[in-house]
Amino acid sequence: MKYLNKFIRLRRLRSKKSVRNLFQETEVTLKDLILPIFVEEDIDFMKPISSMPGVFRIPEKLLAYELEKYAKSGINSIITFGISHNLDENGSDTWNNNGLISRILRICKNTVPEIIIISDMCFCEYTIHGHCGIINNKKVDNDQTLLNLERQSIIAASSGADFVAPSSSMDGQVKAIRSALDKSGLCDTGIMSYSTKFHSELYNPFRDATYSNLKGDRKTYQVNPMNRKEAIRESLIDVKEGSDVLIIKPAINFLDIIRDIKNKTYLPLIGYQVSGEYSMIKLSSKAGIFNERNMIMESIGSIKRAGASAIITYFAMDIANNIL
């Protein structure tokens, strides 16, 4: 066995748990995680989302109670999604001073001011057609939608959002929102843009969660998942327009894009482990295909290893409470 001294023994660094822990390159901690929450108006009880086991629509009247639980569990950041019962063609409830977005954010800020509050900025949960903007001549009107995003961002920032997260995928949305916020004296509110948002089947459980009325698809404004250069360009444009943080969504199918963008900017990146990623892990684990906790940590770890500074994940509370 003369060859024994002629190869490198990497297994020495895997010999026992303490050694493996010492040299582990990527660590995921609770402060890295952002919890998405769904808040529905005019309901009395927590409503389970059938396609997302363990995730609920929270009644507006119970939001403060849920927020206190998050804070006690060590959750550092949340991103809010409203489920409105006041839909119209334009999503006008989003810029109503007493609309659902404003009420959610005021409750959050008054209940847990220490938690980072991120307000998702879109219209699909507030329009009767389910698209992310205004429809003119059977198309989403980019520039008119920008005007409404400006209004929505001012309401969100004034109501307590630390960051607004535009997800409509409209050209120029970051520049428009930054300008509107600054002109309104809201210079300290950050923009956490969905800078590269792919058209993906992995969003389907989310659409179930928000009772989406979408007719057609969003291929004219979301990124083709086959396009690498376009995906990178989208994020770099948001950097130039003034975004403070970039979100890549979904995460698991686009780890290469997270790394590509990481190599081209110094801005923090967030990977969004979307509803479909969550549901695949939940349902496969329930079927006994793999260990749930191990799969969650492997998935989240891969997103951070690819270059994400933080991860938006529906598993945040499970991880915080160590109930997996």
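If you want our numbering, it's the 1-based position in the sequence shown plus 87.
Glycine included, every Cβ here is placed at the ideal spot set by N, Cα and C.
For residue i, does the count of other Cβ atoms within 10 angstroms reach 16, so buried, or fall short, so exposed?
| i | result |
| --- | --- |
| R101 | exposed |
| T181 | buried |
| D269 | exposed |
| D325 | buried |
Tell me the rounded alpha-carbon separation between residue i and residue j.
| i | j | result |
| --- | --- | --- |
| S432 | R98 | Given that the chain is displayed from residue 88 to residue 411, the structure contains no residue 432 and the question cannot be resolved. |
| S389 | L120 | 14 angstroms |
| D331 | R96 | 44 angstroms |
| S396 | I335 | 11 angstroms |
| S255 | H172 | 20 angstroms |
| Q111 | R392 | 11 angstroms |
| E385 | G272 | 43 angstroms |
| S287 | Q309 | 9 angstroms |
| A296 | M139 | 8 angstroms |
| A151 | I194 | 6 angstroms |
| R346 | N224 | 39 angstroms |
| F250 | S105 | 39 angstroms |
| I162 | K196 | 15 angstroms |
Is DSSP giving residue i helix, strand or coil here?
| i | result |
| --- | --- |
| M382 | helix |
| P253 | strand |
| V227 | strand |
| I95 | coil |
| D295 | helix |
| L187 | helix |
Could you tell me which residues DSSP pairs with residue i in its beta bridges?
| i | result |
| --- | --- |
| K284 | K336 |
| T400 | Q360 |
| R144 | F125, K134 |
| I205 | I166, F250 |
| M279 | V332 |
| V310 | F285 |
| T198 | For T198, which the question treats as bridged, DSSP gives no partner whatsoever. |
| T214 | D175 |
Am I right that residue i and residue j are in contact with their C-beta atoms under 8 angstroms? What's the rounded C-beta distance?
| i | j | result |
| --- | --- | --- |
| M382 | S366 | About 13 angstroms; that fails the 8 angstroms criterion. |
| I175 | T214 | Note that residue 175 is Asp in the sequence shown here, rather than Ile. Rounded, the Cβ-Cβ distance is 7 angstroms, consistent with contact. |
| A243 | I166 | Not a contact, Cβ separation roughly 12 angstroms. |
| I301 | C211 | Note on identity: in this sequence residue 301 is Leu, with Ile being the wrong assignment. 7 angstroms between Cβ atoms; contact. |
| I203 | L236 | Going by Cβ atoms, the distance from I203 to L236 rounds to 21 angstroms, so no, they are not a contact pair. |
| E328 | K262 | 4 angstroms |
| I344 | A318 | 5 angstroms |
| G363 | N314 | About 20 angstroms separates the two Cβ atoms, so there is no contact after all. |
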